[in-house]
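Enquirer: Encoded as structure tokens, here's the structure I'll be asking about.
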Amino acid sequence: MCLGIPGKVVEATGDDFMRTGKVDFDGIVKEVSLAYVPEVEVGDYVIVHVGFAITQLDEASAHETLALLRQLDVIDEELDPAVAL
8 MCLGIPGKVV EATGDDFMRT GKVDFDGIVK EVSLAYVPEV EVGDYVIVHV GFAITQLDEA
68 SAHETLALLR QLDVIDEELD PAVAL
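Position one of the sequence shown corresponds to residue 8 (this note's numbering), numbered consecutively onward.
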């Protein structure tokens with residue numbers, strides 16, 4: 008399953024359809040396209056899916072989403088058949 012992951016924009020360069028930036032995903036920084044969200048600025052939070060920032064969200068929502076995704080990882084580990092053996 009491919010999920011959109013929230014991250015914080017730490018760098019933005021270019022303009023319009025050539026706009027790119029670096030997004031911090033809880034300590035992991037990746038370069039992404041910001042073409043779909045040209046209004047975002049450094050310090051804003053975005054949802055990134057397959058290398059594209061697809062929407063902007065507020066900081067509280069970003070942290071809440073990250074917490075829920077972390078919980079899913081715990082659940083996935085508990086449901087792993089190899090762990091149950």
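Glycine included, C-beta positions come from ideal geometry on N, C-alpha and C.
Computed from a predicted structure; not experimentally measured.
What does a CB cutoff of less than 7 Å around G11 pick up in its chain, not counting 5 residues either side in sequence?
Expert: Within the same chain, G11 has close Cβ partners I54, V55, H56 and I61.
Enquirer: Quick one: what does DSSP say A42 is sitting in, helix, strand or coil?
Expert: Note: A42 maps to coil in three-state DSSP.
Enquirer: Beta-carbon within less than 7 Å of L73's beta-carbon, same chain only, minus the 5 sequence neighbours each way: which residues are those?
Expert: The answer, listed in chain order, is P13 and D33.
Enquirer: Tell me whether A67 is buried or exposed, calling it buried when 16 or more other Cβ atoms sit within 10 Å of its Cβ.
Expert: The residue in question, A67, is exposed, as its Cβ has fewer than 16 Cβ neighbours within 10 Å.
Enquirer: Taking the beta strand (DSSP E) that E48 falls in, what are its first and last residues?
Expert: Segment: none, E48 is in no beta strand (DSSP E) and carries neither H nor E.
Enquirer: How many Å lie between F59 and P45 at the Cα?
Expert: Taking the straight line from one Cα to the other gives about 12 Å.
Enquirer: Can you grab the Cα-Cα spacing for the pair A19 / V49, in whole Å?
Expert: In a straight line, the C-alpha of A19 is about 6 Å away from that of V49.
Enquirer: Return yes when the C-beta of D51 is under 7 Å from any heavy atom of the ligand MN, and no when it is not.
Expert: Ligands in the displayed structure: none, and consequently the ligand MN is not present.
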